[in-house]
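Peer 1: Numbering (the numbering used here), first residue to last: 3 to 236.
Glycine included, C-beta positions come from ideal geometry on N, C-alpha and C.
Small disclaimer: the values here were computed from a predicted structure and weren't measured.
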Amino acid sequence: MSVILVFLLVIAGFAGWWLSHQRLMAKPWLEQGLAGDFVGLDRSALPTAKVGLGVFLAVVGCLFSLFTSAYFMRMGLSDWRPLPLPRLLWLNTGVLVLSSIALQCAVVAARRGQIDMVRLGLATAGVTAIAFLIGQLMAWRQMTDDGYLLNSNPANSFFYLITGMHGLHILGGLVGLGRTTAGAWNAARPKRLRLGVELCAMYWHFLLFVWLAIFALLAGWAATFIDICRQLLT
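This is the structure we're talking about:
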């Protein structure tokens, strides 16, 4: 239960920071100036698509927090045998970080109207995301060749389940990224393209955060951190 609360508090912190940058607390009726200068302020400054994606990511966060809680509870039983972390996961983590950085650069370029940089950022993010998925499959292959099969140990099952679920979300994100990339090459309206790039970046940053949490969990760092917190509280 403590793991779920910690995870949800972190998600809530990110959500609060993000919402604070969306002008949700703006008071247009107190703005000074001509009425024509504030056209559109009667509508929410937060697009519906961002609200919907935020709700979806909150659900995904809860799902991974449940997996994490189950992981901690299951590892306390006697038949749990920790498996070594494949070194390839370090490289895959760096690739996913690069993918997230590329999308953030695309967001900055979209806000500046630099369409060529937007295309480059989206293409880089797509290639590195595909490379991440290929790297994950190679890590799976390495684990099975070393004898760490799916049904041979509960720790193995959790490894394949959690990394596989994360990979499926990356694969789903590639669909949206592909549509946004196609729009960038087909001269989509700047406002629509900017929104699409921002949604992709928002999704990718969240999945990067989730993957870093998964990586820490599989490496055993999360368990050490929880133990330290429990000792401090007691």
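(1) Starting from G198, trace the alpha helix (DSSP H) in both directions and tell me its first and last residue.
(2) Please state whether DSSP places W82 in a helix, a strand or coil.
(3) Measuring only from the beta carbon, is D148 closer than 6 angstroms to any heavy atom that is part of the ligand NAD?
(4) Would W82 be called buried (16 or more neighbouring beta carbons within 10 Å of its own) or exposed?
(5) Please list, in chain order, all residues of the same chain as M140 whose beta carbon is under 7 angstroms from its beta carbon, the five residues on each side excluded.
(6) In chain order, what residues of the same chain lie with their CB nearer than 6 angstroms to the CB of A104, ignoring the 5 residues before and after it?
(7) State buried or exposed for T50, treating a residue as buried only when at least 16 other CB atoms are found within 10 Å of its CB.
(8) Going along the chain, which unbroken runs of the beta strand (DSSP E) with 3 or more residues stay wholly within the stretch 115-166?
(9) If you draw a straight line from the C-alpha of F160 to the C-alpha of A184, how long is it?
(10) Buried or exposed: W206, going by 16 or more other Cβ atoms within 10 Å of its Cβ?
(11) When you compare only the Cα positions, how much space is there between Q106 and L79?
(12) Within a Cβ cutoff of 6 angstroms, which residues of the same chain sit near A108, ignoring the five residues on either side of it in sequence?
(13) Name the residue from A112, V99 and L152 whose alpha carbon lies nearest to the alpha carbon of F134.
(14) If you draw a straight line from the C-alpha of A221 to the C-alpha of K52, how long is it?
(15) What's the call for A189, buried or exposed, on a 16-neighbour Cβ count within 10 Å?
(16) Would you report the Cα separation of P88 and Q144, rounded to the nearest angstrom?
Peer 2: Inspection of the coordinates gives the following:
(1) Within the sequence shown, numbered from 1, the residue matching residue 198 stands at position 196. Start and end: P192 to A221.
(2) Translated into positions along the sequence shown, residue 82 becomes position 80. Of the three classes helix, strand and coil, the one that applies to W82 here is coil, per DSSP.
(3) Summarising the ligand content, the structure contains no ligands, and the ligand NAD is consequently not present.
(4) Here residue 82 corresponds to residue number 80 of the sequence shown, with the count starting at 1. It counts as exposed.
(5) Within the sequence shown, numbered from 1, the residue matching residue 140 stands at position 138. L90.
(6) By one-based count along the sequence shown, residue 104 stands at place 102. Excluding residues within five positions, the ones whose Cβ falls inside 6 angstroms are G123, T126 and A127.
(7) Counting from 1 along the sequence shown, the entry for residue 50 is found at position 48. That one is exposed.
(8) Runs found: none.
(9) Translated into positions along the sequence shown, residue 160 becomes position 158. Translated into positions along the sequence shown, residue 184 becomes position 182. Whole-angstrom Cα-Cα distance: 36 angstroms.
(10) By 1-based counting over the sequence shown, the position of residue 206 is 204. Buried.
(11) Residue numbering aside, residue 106 sits at position 104 when the sequence shown is read from its first letter. Residue numbering aside, residue 79 sits at position 77 when the sequence shown is read from its first letter. Each residue's Cα considered, the two are about 42 angstroms apart.
(12) As a working mapping, residue 108 is identified with position 106 in the sequence shown. The residues V120, G123, L124 and V199, in chain order, have a CB closer than 6 angstroms to that of A108 in the same chain once the five nearest residues on each side in sequence are set aside.
(13) On the sequence shown, position 132 is the one that residue 134 refers to. Ranked by how close their Cα comes to the Cα of F134, the residues A112, V99 and L152 have V99 in first place.
(14) Taking the sequence shown and counting its residues from 1, one reaches residue 221 at position 219. Taking the sequence shown and counting its residues from 1, one reaches residue 52 at position 50. Between the C-alpha atoms of A221 and K52 there is a straight-line separation of about 33 angstroms.
(15) As a first step, residue 189 must be located in the sequence shown, where it is residue number 187. Result: exposed.
(16) Translated into the one-based positions of the sequence shown, residue 88 becomes position 86. Translated into the one-based positions of the sequence shown, residue 144 becomes position 142. Straight across, the Cα-Cα distance linking P88 with Q144 is about 8 angstroms.
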